[in-house]
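A.B. asks:
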Amino acid sequence: MDRIDIRGGKPLSGRLPISGAKNAALTLLPCALLTDEPLTLRNLPRLADVDSFGHLLNQLGVSTMIEGARPEDFGRVMTMRASRVTSTVAPYDIVRKMRASILVLGPLLARAGEATVSLPGGCAIGNRPIDLHLRALEAFGAVIELAAGYVKASAPDGGLPGGVYTFPVVSVGATENAVMAAVLANGACILENAAREPEIVDLCRLLIAMGADIEGVGTSRLVIHGRERLHGATYRVMPDRIEAGSYACAAAITGGSLDLIGAEAADMMAILAALREAGVVVEEHKEGIRVSADGRLKPLTLSTAPFPAFPTDMQAQFMAMLALADGASVLTETIFENRYMHVPELARMGADISVNGRTAVVRGVPKLVGAPVMATDLRASMSLVLAGLAAEGETQVNRVYHLDRGYERLEEKLSAVGADIERVGDG
Ligand code: EPZ
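Reminder that position 74 of the sequence shown reads as 85 in my numbering, one-by-one numbering, no gaps.
1. Mind checking which residues open and close the alpha helix (DSSP H) that includes residue 2?
2. Figure out for me which residue from 399, 167, 369 and 349 has the closest Cα to the Cα of residue 360.
3. From residue 47 to residue 151, what distance separates their C-alpha atoms?
4. Is it true that the stretch 122 to 134 meets the stretch 152 to 169, where meeting means three or more beta-carbon pairs spaced less than 8 angstroms apart?
5. The ligand FAD heavy atoms versus the CB of residue 74: any closer than 7 angstroms?
6. Between residue 183 and the ligand EPZ, is the CB less than 7 angstroms from at least one heavy atom?
7. Do the CB positions of residue 18 and residue 431 come within less than 8 angstroms of each other?
8. Does residue 96 come out as helix, strand or coil in the three-state DSSP assignment?
9. Taking the continuous beta strand (DSSP E) assigned at residue 16, which residues delimit it?
10. At a cut of 8 angstroms, does the stretch 381 to 390 reach the stretch 412 to 427 through at least three beta carbon pairs?
11. Say whether chain C places a C-beta atom closer than 8 angstroms to the C-beta of residue 256.
12. First and last residue of the alpha helix (DSSP H) that includes residue 307?
13. Return the Cβ separation of residue 350 and residue 326 in integer angstroms, given the expectation that the two are a contact with Cβ distance under 8 angstroms.
14. What are the residues that DSSP puts in a beta bridge with residue 199?
15. Just to check, is the beta-carbon of residue 128 closer than 7 angstroms to a non-hydrogen atom of the ligand EPZ?
16. Please name the residue or residues paired with residue 156 in a DSSP beta bridge.
17. Taking 8 angstroms as the threshold (C-beta atoms), are residue 340 and residue 310 in contact?
18. Under 7 angstroms: does the beta carbon of residue 190 sit that close to some heavy atom of the ligand EPZ?
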């Protein structure tokens, strides 16, 4: 199992390219199922989850062809084609390894009139139910059965009649599944209190490029008029706002200056506002965003919430950064029930953090000290890397397969801007 060794204390500086967004790619990929024509995605990040999703699509009858990256992109080009859907089953052994597999449910239902998908089960940060996905599809006329750990969805013959669904809580994945099911429905599908994350805007933009009829893109009310069929498209995956935010924290925590090339400020307003409030200098320019810091950071009071508020996927990274701030910060995690697994590991490096339910108080300390630490989930792993970049001495981050799910070529990108970091495989 690989690990990453970091010798901290070096301010980072230079240009760091931002990859295509993992959480956009994972909802754009299943759109290949919605047409029998080729769908080409550019700027696709080289990530474990993207590869896993490609294998799942192959099992459903989608051909996939990878090309190299175009000069203006950091990621690869993949062309997919579902001439025919040869299976409508997403098996347990795939879904348990990548819960985003649940995002084939809506497209299979739309294209083939049925889908059998293993229940994803929980993960390190929470039990991750899919009840909202199922309620939304039922509201559009799907028949849902649960049996033996699988959900089986079917449309009345001839396709989904359409309907209206109001989400009781905002759900990114449930919104994505519902939108993908709706684009081939027989009638109108309306979603109220839909998620507004930029990744959903990216999904709607792709679907519209494929011929879908969607009103209210970017708002919490989406009106989708189903079409008879969709056609193929070529589409560039949006830049990853969470990767960009994570590397912005790397500049801040090391007292350095990074140019995040390709970062899209409009997707990151709450993240950039929090960085500025902490005393970090953030300048938008034509190639991306420059992030610089040169002294102790100010403490913050932050609460995670759905877009456009401060994203839960940035909570762990900010906690690492604020561990060295000049005072006490208060972080509240409102989205997931167990997203503080990075706390005990940061504490082993000298951070002073106390957790009470969903709230964590982070008291700034003068320095962090490198130590062997254990990654538990994707964003927690990144918070340990950030702490290691600032800590005195060496930090060994174990179980880096968590990192490989969301950060493309992390050690290559960080080495290029001055980090003393290397991946150590134990075969
Ligand atoms: C997406 O997960 C992201 N993953 C997550 O990023 C992100 O943290 C999350 O949205 C919130 O922004 C991908 O896009 C692949 P939700 P998702 O449905 O769709 C509850 C990362 O680090 N809920 O918006 O699963 C749920 O338990 C990952 O990149 C239900 O109760 O998140 C949670 O408390 C981690 N029933 C809340 O809603 C449901 O049917 C928000 O979940 C669905 C969700």
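Cβ atoms here follow ideal geometry from the backbone N, Cα and C, with glycine treated the same way.
In this text, all values refer to a predicted model and were calculated from it rather than measured experimentally.
C.D. replies: Put simply:
1. An answer regarding residue 2 cannot be provided, because it is not within the stretch 12 to 438 covered by the chain.
2. Position 349 of the sequence shown holds residue 360. For the residues 399, 167, 369 and 349, the minimum Cα distance to residue 360 belongs to 399.
3. Reading the sequence shown from its first residue, position 36 is the one you call residue 47. Reading the sequence shown from its first residue, position 140 is the one you call residue 151. Taking the straight line from one Cα to the other gives about 23 angstroms.
4. yes
5. Within the structure as shown, the ligand FAD is missing, the only ligands being the ligand EPZ.
6. On the sequence shown, residue 183 is found 172 positions in, with the first residue counted as 1. Under cutoff, so the answer is yes.
7. Walking along the sequence shown from the start, residue 18 turns up at place 7. Walking along the sequence shown from the start, residue 431 turns up at place 420. Yes, these two residues count as a Cβ contact at 8 angstroms.
8. Along the sequence shown, one-based indexing puts residue 96 at 85. It is coil, neither helix nor strand.
9. For the purposes of this step, residue 16 is identified with residue 5 of the sequence shown, where counting begins at 1. Taken as a continuous stretch (DSSP letters only), the beta strand (DSSP E) holding residue 16 covers 14 to 18.
10. yes
11. You won't find chain C in this structure, because it holds only one protein chain.
12. Residue mapping note: residue 307 aligns to position 296 of the sequence shown, counting from 1. No alpha helix (DSSP H) holds residue 307; DSSP gives it neither H nor E.
13. In the sequence shown, residue 350 corresponds to position 339, counting from 1. In the sequence shown, residue 326 corresponds to position 315, counting from 1. Contact flag correct, Cβ pair sits at about 6 angstroms.
14. Start at 1 with the first residue of the sequence shown, and residue 199 comes out as number 188. The partner list for residue 199 (beta bridge, DSSP) reads 236.
15. Taking the sequence shown and counting its residues from 1, one reaches residue 128 at position 117. It does not: the Cβ of residue 128 is nowhere closer than 7 angstroms to a heavy atom of the ligand EPZ.
16. As a working mapping, residue 156 is identified with position 145 in the sequence shown. Bridge partners of residue 156: 163.
17. Walking along the sequence shown from the start, residue 310 turns up at place 299. Walking along the sequence shown from the start, residue 340 turns up at place 329. Going by C-beta atoms, residue 310 is nearer than 8 angstroms to residue 340.
18. The residue you call residue 190 lines up with position 179 of the sequence shown. No, since every heavy atom of the ligand EPZ falls outside the 7 angstroms radius drawn around the Cβ of residue 190.
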